[in-house]
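Residue numbers 43 to 349, in the numbering used here, belong to the letters of the sequence shown in order. Here's the structure we're looking at; comments come further down.
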Amino acid sequence: MNTALGSVAWRIKALIHILISPLPYNYRINYFIQNLRHAFSKANMLTGYRVQVKHIMGLNCRFSLEGKTVLEIGPGWYSIGATLFYLLGAKKIYLIDIRPVLSFNLTMRYVNLLAENYLEVAQDLRVNPETIIRKLNKLKQVTSRNEFLNLISAEYHAPGDAQKTTFPDHSIDLVFSYGVLEHIPFTILEGIMKESVRVLRPNGRHYHNIGLHDHFDSAGLGNGVYFLKYSPFMWKLIGGNDLAYHNRLRKSDYLKLMSRYGKITWQDDELLKKNIEALKRIKVSKEFRCYDATDLAYSALYVEVTI
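Structure representation (structure tokens):
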């Protein structure tokens, strides 16, 4: 896609979010649009599973999830993580979200997909295939979201506030998020970090997969830095709504924040050459000019913090 067409496509996608956001039931409308573009097809759901299971298993190697109590922030329409935590033997799972968007239909579609590919799942999780299919077959029999949650020993708190939970002090082993923190303003992120310190056990930790990239990149110029060209005022107009919000924080910002509330014990990132090249052509907004080009170019951060 050339530059002109790319920028037009980027703006069209942004405009759709701007128009939908003020409407009643905007998340349902967005869900309908995502369905139209086959976002929840078997192929896409399987891809989502394969990406996320690698991160969860990396975490599981460093910090076994068996018998643990897990709090997931922002499980979304269907929690890939919650089902995997259950299959890995987590004792208790808490899911907290700002809206009750967890879909029973999508969750069951995901469970059935895992059952169809249970040998792959067993290999990924390093669990006996008979154990995996037995657990998945039990899940396939449930008839409601509440029944599903009960079976995996989960509680769904939505609407909920991850800054002010009702969980007792030192009652959680792991605070987990996947593709969520980038959609939260900095002041609220700081509140979440403080609350994590309160609820995590002395040997507990939190793990976050953070998308640093421009989330409109697939419809635009094929890079993840285009949104850095906009001033705070313009970005608030474009990406300040609750469907498209991105805080645009960079890797260094997250690391500084998390270092104040724990010890970073593991981290990884994604740095794409196309983003570095794109920054040579984009005049970034002045608030980003104090960052080095590499910091601006990172597209993802994976970080684990021990309290």
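Using N, Cα and C, we set each Cβ at its ideal position, and we do this for glycine too.
Query raised in the report: Just the Cα atoms here: how many angstroms apart are Q183 and P117?
Result: In the sequence shown, the residue the question calls residue 183 occupies position 141. In the sequence shown, the residue the question calls residue 117 occupies position 75. Cα-Cα distance, rounded: 22 Å.
Report task. Kindly list the residues whose CB is nearer than 7 Å to the CB of N102, restricted to its own chain and excluding five residues on each side of it in sequence; keep chain order. Result -> Along the sequence shown, read from residue 1 onward, the residue named residue 102 stands at position 60. Only L130 meet the Cβ criterion.
Query raised in the report: From L279 to K133, what does the alpha carbon distance come to, in whole angstroms?
Result: Residue 279 sits at position 237 when you count from the first residue of the sequence shown. Residue 133 sits at position 91 when you count from the first residue of the sequence shown. Computed Cα separation, rounded: 43 Å.
Requested in this report: Confirm, please, whether the CB-CB distance from L299 to H248 is below 8 Å.
Outcome: If you number the sequence shown from 1, residue 248 lands on position 206. If you number the sequence shown from 1, residue 299 lands on position 257. No. Outside cutoff.
Report task. Could you tell me which residues DSSP puts in a beta bridge with F218? Result -> Taking the first residue of the sequence shown as position 1, residue 218 is located at position 176. Within the DSSP bridge table, the entry for F218 names E114, Y249 as partners.
Report task. Go through its chain and collect everything with a Cβ distance to S273's Cβ below 6 Å, but skip five positions before and after it. Result -> Your numbering for residue 273 matches position 231 in the sequence shown. S327, listed in sequence order.
Query raised in the report: Cα-Cα, which of I60, I349, P64 is closest to D211?
Result: Against the sequence shown, residue 211 aligns to sequence position 169. Considering only I60, I349, P64, the residue with the shortest C-alpha distance to D211 is I349.
Query raised in the report: Which word fits G109, buried or exposed, when buried means at least 16 other C-beta atoms lie within 10 angstroms of its C-beta?
Result: For this step, residue 109 is matched to residue 67 along the sequence shown. Per the 10 Å Cβ criterion, exposed.
Report task. With a 10 Å radius around its C-beta and 16 neighbouring C-beta atoms as the bar for buried, classify A335 as buried or exposed. Result -> Counting from one through the sequence shown, the residue named residue 335 turns up at place 293. With fewer than 16 neighbouring CB atoms inside 10 Å of its own CB, A335 falls in the exposed class.
**Report entry** DSSP state of I226 mapped onto helix, strand, coil
**Finding:** The residue you call residue 226 lines up with position 184 of the sequence shown. In this structure, I226 counts as coil in the three-state DSSP scheme.
Requested in this report: Would you identify the three-state DSSP class for S341, choosing helix, strand or coil?
Outcome: Indexing the sequence shown from 1 puts residue 341 at position 299. Correct three-state label for S341: strand.
Report task. Within the same chain, show all residues whose beta-carbon is closer than 7 Å to that of W308, passing over the 5 residues directly before and after it, in chain order. Result -> For the purposes of this step, residue 308 is taken as the residue at position 266 of the sequence shown. The beta carbon of W308 is closer than 7 Å to those of R104, E346 in its chain, skipping five residues each way along the sequence.
**Report entry** Residue range of the unbroken alpha helix (DSSP H) whose run includes E162
**Finding:** Working through the sequence shown from its first residue, we reach residue 162 at position 120. 160-167 is the span of the alpha helix (DSSP H), which, as asked, contains E162.
Requested in this report: Would you grab the beta carbon distance between S230 and K271 for me? Rounded to a whole angstrom, and I think it's under 8 Å.
Outcome: Here residue 230 is taken as the residue at index 188 of the sequence shown, counted from 1. Here residue 271 is taken as the residue at index 229 of the sequence shown, counted from 1. The sequence shown places Ile at residue 230, not Ser. That belief does not hold up - the Cβ atoms of I230 and K271 are roughly 25 Å apart, past 8 Å.
Requested in this report: Could you check how far apart the C-beta atoms of I214 and L297 are, in whole angstroms? I think they sit under 8 Å.
Outcome: Taking the sequence shown and counting its residues from 1, one reaches residue 214 at position 172. Taking the sequence shown and counting its residues from 1, one reaches residue 297 at position 255. Contact between I214 and L297 does not hold, since the beta-carbon distance rounds to 22 Å and is not under 8 Å.
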